[in-house]
Amino acid sequence: MFMKRHVLSMREFSREEIDSVLDLAASLEPYARGKKSDMMTGRVLALLFFEPSTRTRMSFETAMKRLGGGVINLGPAEGSSISKGESLADTVRVIGGYADALVIRHPKEGSARLASQFSPVPVINAGDGAGHHPTQTLLDLYTIKKESRLENLSIALVGDLKYGRTVHSLAYALSLYGADITLVSPPNLKMPDSIKADLSGKGTAVRETNDLGEVINNVDVLYMTRIQRERFPDPVEYKKVARSYRITPEFLASAKKDLIIMHPLPRVDEISPAVDDTAHARYFQQSFYGVPVRMALLSMLIQGGA
Amino acid sequence: MSEDLKLDEKPKRDDEPKGQKVRPINNGTVIDHIAGGQALNVLKILGISGATDAMVSVVMNVDSRKLGRKDIVKVEDRELLEEEVNRIALIAPDASINIIRNCKVIEKRKVDLPDEIVGVVRCQNPNCISNTLEPIKSRMLVKAKNPVLLRCLYCEQPLTERIAEYLI
């Protein structure tokens, strides 16, 4: 049963709570696709994005509007009270008085937890610096459950595993399902030891390699992430690494038939557009699933369930 | 200069070795078995600065059977509260507290870290919201006591080494 007041970090979710979100999301999917709903009529969601966001902000907005609710936006920080030096605590107290729930993205780690201490209404963390982004993890889990399976899953997390907050939260959540996880990254972007220790502490099998070719035949899910150019002081080294982690239809020739490829997007070069037309590509569905998953969270937090 | 005092025992004025560095106190708190060199940080944790009215004695780097070298802090006419002294365990986990009243030790205990430390240690993550001008105090959850492992309530960054450098 889901009894949370705020959604701040995946670490605060039990497997049962995750399952209850995913089940509700499945029942709300028709509404995400356009079926009429008045579930949130008269309710207002406030979006406080102190950093740019496209998918997360728009999918929250879509989720609320498709359920019949309204949305208010902070707008560009330059024109608001933030530029006058107002604290986040005050902003949250004020806007919490206008809305039934707050969604916040902020460049500082821990900002969503701070917001939850001052907000009179539920707070959803939509990314706090290098910290957490739990709704991304929930939509990733929903995608895996819908398009592959969560039980006995073999998954490869690929790319920047050092700085990518998405893969840290996802690996943690998958450990609750006993997944078999392979970490594929260049040596300088390996997953931090503290997170690996956490996973093995939960009895999760974790393997590491820098060779994507080694794992492609065996996994059910390939979770790609972007390798950022600025992580490499040497541009030649960057090009070499970026090439070796690029997915093409040819590279997928020996993959399992039902392999699915996911990516939190935006992608740059790591998945060739030619892969989009293969049966393996799921990243656009994944992006869409953000809507029913966020619908589920909004209805649970604002109304205590559907 | 060992201060292994027992309850109801008078501080050993006559038994103190000659050349005693700090006289025993009549009333107040003696913090003993502080790791050598940490006495000034203990004062910092207790919020005792040069502005204090209390009579404070600090002895540093005394020979100790248990610790090799130890520091001792005596605060006269002030009985420190349990929550005040427990924070000392952050940097001096072996410290012992003696409350002295009328020249007798009326209470003696070891320090024990609470589950959460508020407003004493700042987070080492420069990008943590607790290191900004927001109207909050730092909050550190105590995950392990020996060795000490703290975790910032806000950004979840762990802090285990060089804790003294992050005292507020």
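Top line first, the protein sequences correspond to chains R and Y.
This note's numbering puts the first sequence at residues 1 to 306.
This note's numbering puts the second sequence at residues 1001 to 1168.
Ideal placement from N, C-alpha and C gives every residue a C-beta, glycine not left out.
Note that the coordinates shown come from a computational prediction; the quantities given were computed from them, not determined experimentally.
Linking Ile1163 of chain Y to Gly131 of chain R through their CA atoms gives a straight-line distance of about 22 Å.
Taking C-beta atoms under 8 Å as the contact rule, Lys1074 of chain Y and Val1062 of chain Y fail to qualify, at a distance of about 12 Å. The three-state secondary structure of Tyr238 of chain R, taken from DSSP, is helix. Inter-residue distance for Asp198 of chain R and Tyr283 of chain R is about 28 Å (C-alpha atoms, whole angstroms). Between Lys1145 of chain Y and Leu1167 of chain Y, the C-beta spacing is not below 9 Å.
As a beta-bridge residue in DSSP terms, Tyr223 of chain R pairs with R:Leu157, R:Met262. Three or more Cβ pairs closer than 8 Å define a contact, and the stretch 249–259 of chain R falls short of that threshold against the stretch 226–236 of chain R. Per DSSP, the unbroken alpha helix (DSSP H) holding Asn1041 of chain Y starts and ends at 1039–1046. Contact note: Leu1153 of chain Y reaches chain R through Gly110, Arg113, using a C-beta cutoff of 9 Å and chain order. Rounded to whole angstroms, the Cβ separation of Leu222 of chain R and Ala156 of chain R is 5 Å, and the two are in contact under 8 Å. By the neighbour-count definition (other C-beta atoms within 10 Å, threshold 16), Gly304 of chain R is an exposed residue. At a cut-off of 9 Å, the C-beta of Gln303 of chain R has no neighbouring C-beta in chain Y. Contact note: Thr1132 of chain Y reaches chain R through Lys108, using a C-beta cutoff of 7 Å and chain order.
Boundaries of the alpha helix (DSSP H) harbouring Leu88 of chain R: 88–96, taken from the DSSP string. Nearest CB-CB separation between Ile1163 of chain Y and chain R: not below the 9 Å threshold. In this structure, DSSP gives Arg113 of chain R a helical state, which the three-state scheme calls helix.
Cβ neighbours of Ser175 of chain R within its own chain (closer than 6 Å, five residues either side excluded): Leu199, Lys202, Thr204.
As the crow flies, the alpha-carbon of Thr209 of chain R is around 37 Å from that of Glu1165 of chain Y. For Ile1168 of chain Y, no chain R residue has a Cβ inside 8 Å of its Cβ, as the nearest lies near 17 Å away. Beta-bridge partners assigned by DSSP to Ile1099 of chain Y: Y:Thr1029, Y:Glu1107. Taking 9 Å as the CB threshold, Gln1124 of chain Y stays off the interface with chain R. Using beta-carbon distances, Gly69 of chain R does not count as an interface residue toward chain Y, since no partner is under 9 Å. Scanning its chain for C-beta atoms nearer than 8 Å, with the 5 sequence neighbours on each side dropped, one finds around Lys145 of chain R the residues Leu22, in chain order.
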